[in-house]
Structure formats: C-alpha cells, structure tokens
Amino acid sequence: MNRPLFDLDLLRALVMVADCGSFTTASARLHSTQSTVSQKVRRLEEIAGHRLLDRGTRDVRPTDAGVTVLSYARRMIALNDEMLEALSGATVALTIRLGVPDDFAAGRTTHALAAFKRDHPQVKLEVMCGLSRDICAAYDRGELDLVLIKQRRDSREAVVRWPEKLRWIDSAQHPTIELDPVPIVVFPPRGLYRDDMIKAIEERGRRWRISFTTSSLSGIQAAVADGLGISVLPARVVTDEHVVLTEQRGGFAPIENMDIAILHRPTADPMVSELTKALAAMLEQEEE
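Okay, so the sequence shown: first residue is 245 according to my numbering, each after it adds one.
Given below as structure tokens:
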C-alpha cells in the first residue's frame, strides 16, 4: 500500500495561513494569490483526510487535526531548510524559535528582531505569532525556545515580567456602553481578559451579553470600532477609533492582574539570553 507523501509546498502554505490568521495576509507573504493558497490548503486537507482549518468570517484557526499537522509541518520545513543550508555550505550556528502575541508582532518587536539579526547573523530566527495560550502550549510541547506572553500575575515563573496596561474601550463613533444589557466583544473561552471583564461588569451591577467572539486582535479592534460592543485591550493597541472608558466615564474597575512575561528554559543557549535582553530593552522603552 502506497502512503501519500506530504508536499512541503502545501505544508508551507498551511503554516503561513495559521501564523497569519488569514488567507489574505498569508498569500501576500507567500507572493501568491489567495485562491492558490486556498487550493493548496484544500489539497493538503484531502491528503490528510481531515479538515485542518476553521474558516471564520474574520479569522482562520487550526482544528485539532490542524494543530497536529502544524506541529509536524514546522519540523519538516525546518529540516528541509537546514539540509539546503548544509548543502550550500552556509553556517547557521543556532536556530531560535520565538513565540510572540499578535499585538507584539509588528512595530518595535520586528525592529528589535531585525537589529538582533544584524548583530548576530549566524542566528536563524523562527517566529510564531498567535494567542498567548497557543504560544504557551507550543512552548510546553518543546516547539519554542523563547516566548513573550501575556499571563495572569505569577501564574508562571518568568525570566522577566512587567505589569500589562489594559484599557476598557468603546467605539468613538458608535458607543454602546449605555445599552442594556451591555454588549461585549471577547476572545474565545479561556481567552485573556474575558472572565475578568465579565466579573467587573457584574460587580458594577450591569447586565451583559456576548455580541462578538474572535481569537483575532484585529477582529476585536474592528468589532469595537464598528459599535458591536465594549472590550478590554492593551493600551498599546487602542486606536483613534476607540474611546477609553474609565470608572468615572461609565466604565468599570480596571483590570490590573495581568503581566507581560518572557520565558525560556534554564538550559537555553546563551544566545537565547541575548535575545531575551533585546526584547526586554524593547519592552522597557515601550513602558516608558
């Protein structure tokens, strides 16, 4: 019986879509069309015999089977790239697999990573972006060497940590704070801030209903801006389309039990510690 072989090109398309959270962004990064990337993923699903992605209206998430395939796909792609580098005579001394939340995936973070790469050209960086819970799960499975995450205070021992500045937000153009019940825009169950939001609203004696759920940061931002409900987000990602709600302006008690934390194993390569210092310096600047 001939077993099907997984095409690395198809696996690469799946990894890019999962990391980007959308076919549109993934196709741009792959320098391909959205329909081509979609066809590659569907072909991979046919080979695997399972649906690998849940295609939502605003974001794309891996199914349970997709998580399994992604774990192997990343290793297969990395091994393929290492072989090509070895054959070309390139010397890559170390690969650091880094996980960062979506709201850290651009701006100062990419600048810090690019600067680190220029200072350490022998190091190969592989970056995974997503929800902190997914990043933590990948770290626990040994798929990541270094992670920058958001977590409840003191829930995990961290190399370094900072309190995360969170803000209650509403739409600047279509406010919903006065509605009863107040609509809320949230991450999926077990997502950050969700339970704390509900607790704070109930402590204020307000009724609430979930109007929009998404695992995408941009989805939360857009839903609030368009007037689908209020939410809680880090201060760094609040935009001009949002208005910050304080307790004095009809909002709720501040959520102050979250940390930004950097984790790596005690046995990590010294270069992982160097990257930790670079990320810590970036975060120190952001907190100023």
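Even glycine gets a Cβ: it sits at the ideal position worked out from N, Cα and C.
(message) Taking the alpha-carbon of Leu289 as reference, which of Trp412, Thr312, Thr458, Ile504 has the nearest alpha-carbon?
(response) Reading the sequence as shown, one finds Glu at residue 289 and not Leu. The candidate whose alpha carbon is nearest that of Glu289 is Thr312.
(message) For a test of the three-state rule: what should DSSP assign to Ala402, helix, strand or coil?
(response) Three-state result, Ala402: coil.
(request) State the start and end residues of the unbroken alpha helix (DSSP H) segment that holds Gly284. (result) In the sequence under discussion, the amino acid at residue 284 is Lys, which differs from the Gly named in the question. Residues 278-292.
(request) Out of Ala522, Ile442, Thr520, state which residue places its alpha-carbon closest to the alpha-carbon of Ala497. (result) If we check each option's Cα against that of Ala497, Ile442 comes out closest.
(request) Assign Arg426 to one of three DSSP states: helix, strand, or coil. (result) It is Val, not Arg, that sits at residue 426 in the sequence shown. Strand.
(request) Could I get the ranges of all uninterrupted beta strand (DSSP E) runs contained in the segment 462-499, with 3 residues as the minimum, in chain order? (result) For the segment 462-499, whole beta strand (DSSP E) runs of length 3 or above, ordered along the chain, are 475-478, 486-489.
(request) Starting from the Cα of Phe360, find the closest Cα among Arg480, Ala522, Glu500 and give me that residue. (result) Taking the Cα of Phe360 as reference, the smallest distance to any Cα among Arg480, Ala522, Glu500 is reached at Ala522.
(message) Using a 10 Å radius around the Cβ and a threshold of 16 neighbouring Cβ atoms, would you call Val488 buried or exposed?
(response) Its Cβ having fewer than 16 others within 10 Å, Val488 is exposed.
(message) For Ala524 and Ala292, I'd like the C-alpha separation in whole angstroms.
(response) For Ala524 and Ala292, the distance between alpha carbons rounds to 41 Å.
(request) Output the residue ranges of the alpha helix (DSSP H) runs that lie fully inside the segment 297-351 and measure 4 residues or longer, sorted by chain position. (result) Counting only runs of 4 or more residues that sit fully inside the segment 297-351, the alpha helix (DSSP H) segments are 308-332, in chain order.
(request) With Thr268 as the anchor, note down where its alpha helix (DSSP H) starts and where it stops. (result) Secondary structure note for Thr268: its alpha helix (DSSP H) is the uninterrupted segment 267-273.
(message) Let's see if you can read the secondary structure: which residues bound the beta strand (DSSP E) around Leu410?
(response) 410-415 is the extent of the beta strand (DSSP E) around Leu410.
(message) By the three-class DSSP mapping on this structure, what secondary structure does Ala538 have?
(response) In the structure as shown, the chain begins at 245 and stops at 532. Residue 538 is therefore absent and cannot be evaluated.
(request) Report buried or exposed for Gln492, applying the criterion of at least 16 other Cβ atoms within 10 angstroms of its Cβ. (result) By the beta-carbon neighbour count (other beta carbons within 10 angstroms, threshold 16), Gln492 is exposed.
(message) Cutting at 7 Å between CB atoms, please list the residues of its own chain near Pro478, excluding the five before and the five after it.
(response) Here the set comprises Asp347, Glu408, Lys409, Leu410.
(request) Look up Lys394 in the DSSP assignment and give the residues it is bridged to. (result) Here Lys394 is bridged, per DSSP, to Ile504.
(message) Which residue wins for smallest C-alpha separation from Ile445, given the options Gln465, Pro433, Ile421?
(response) Among Gln465, Pro433, Ile421, the Cα nearest to that of Ile445 belongs to Ile421.
(request) Within 10 angstroms of the Cβ of Ala358, are there 16 or more other Cβ atoms? Answer buried if so, exposed if not. (result) With fewer than 16 other CB atoms across the displayed protein chains lying within 10 angstroms of its CB, Ala358 is exposed.
(request) Would you identify the three-state DSSP class for Glu370, choosing helix, strand or coil? (result) It is a strand residue.
(message) As a quick exercise: from Pro306, Asp253, Asp384, pick the residue whose alpha carbon is nearest that of Arg287.
(response) Closest by alpha carbon: Asp253.
(request) Could you tell me if Gln529 is buried or exposed, where buried requires 16 or more neighbouring beta carbons within 10 angstroms of its beta carbon? (result) Exposed, by the Cβ-count rule.
(request) Over the uninterrupted alpha helix (DSSP H) stretch that includes Ser459, give me the two end residues. (result) Counting along the chain, Ser459 sits inside no alpha helix (DSSP H), nor does DSSP assign it H or E at all.
(request) Quick one: using the 10 Å Cβ neighbour count with 16 as the cut-off for buried, is Leu249 buried or exposed? (result) So Leu249 ends up on the exposed side.
(request) Give every residue of the same chain whose Cβ lies closer than 6 Å to the Cβ of Arg450, excluding the five residues on either side of it in the sequence, and list them in chain order. (result) The beta carbon of Arg450 is closer than 6 Å to those of Val426 in its chain, skipping five residues each way along the sequence.
(message) Please report the straight-line C-alpha distance between Ala317 and Ser282, rounded to a whole angstrom.
(response) Looking at the two C-alpha atoms, the distance is approximately 17 Å.
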